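Enquirer:
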Amino acid sequence: MIKILLFARLQEQVGKSELHVQYSGQTVGELKGMLQQKYDFLLDNVMVAVNEEYAFDEEKLSENDVVAFIPPVSGG
2 MIKILLFARL QEQVGKSELH VQYSGQTVGE LKGMLQQKYD FLLDNVMVAV
52 NEEYAFDEEK LSENDVVAFI PPVSGG
């Protein structure tokens, strides 16, 4: 099981701040693709962290990983 943390607009679109999915052994990029298809949102400019370290699409996910999707935010 992988824990997914969602922030800002992603959290608003899904209606939850976290998800739990069976997805170990896949890559970050594959997880992004699955989420984009299931929830119909774009993750192109979103930063991804796995276990509190920034990650790239090629990184493999393992059981009990925590994946955070952090969209760009603007402020004043």
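All letters in the sequence shown, in the order written, are residues 2 to 77 by this note's numbering. Where is the CB? At the ideal position from N, CA and C, for every residue including glycine. This one's a predicted model, so the numbers in the text were calculated from it and none came from an experiment.
1) By DSSP, does residue 35 sit in helix, in strand, or in coil?
2) Determine which residues share a DSSP beta bridge with residue 29 and list them.
3) Tell me the rounded alpha-carbon separation between residue 29 and residue 48.
4) Within this structure, are the beta carbons of residue 67 and residue 46 separated by less than 8 Å?
5) Under 8 Å between the Cβ atoms of residue 40 and residue 14?
6) In the DSSP assignment, find the unbroken beta strand (DSSP E) run with residue 19 in it and report its ends.
7) Check for me: the alpha helix (DSSP H) holding residue 9 runs from which residue to which?
Expert: In short:
1) Here residue 35 refers to the residue found at position 34 of the sequence shown. Reduced to three states, the DSSP call for residue 35 is helix.
2) Residue 29 sits at position 28 when you count from the first residue of the sequence shown. Bridge partners of residue 29: none, in fact.
3) Locating residue 29 in the sequence shown gives position 28, counting from the first residue. Locating residue 48 in the sequence shown gives position 47, counting from the first residue. Straight-line Cα distance between these residues: approximately 11 Å.
4) The residue labelled residue 67 in the question sits at position 66 within the sequence shown. The residue labelled residue 46 in the question sits at position 45 within the sequence shown. No, they are not a contact pair.
5) Reading the sequence shown from its first residue, position 39 is the one you call residue 40. Reading the sequence shown from its first residue, position 13 is the one you call residue 14. Their beta carbons are under 8 Å apart, which means residue 40 touches residue 14 by this criterion.
6) Residue numbering aside, residue 19 sits at position 18 when the sequence shown is read from its first letter. 19–22 is the extent of the beta strand (DSSP E) around residue 19.
7) On the sequence shown, position 8 is the one that residue 9 refers to. Where residue 9 is concerned, the enclosing alpha helix (DSSP H) stretches over 9–15.
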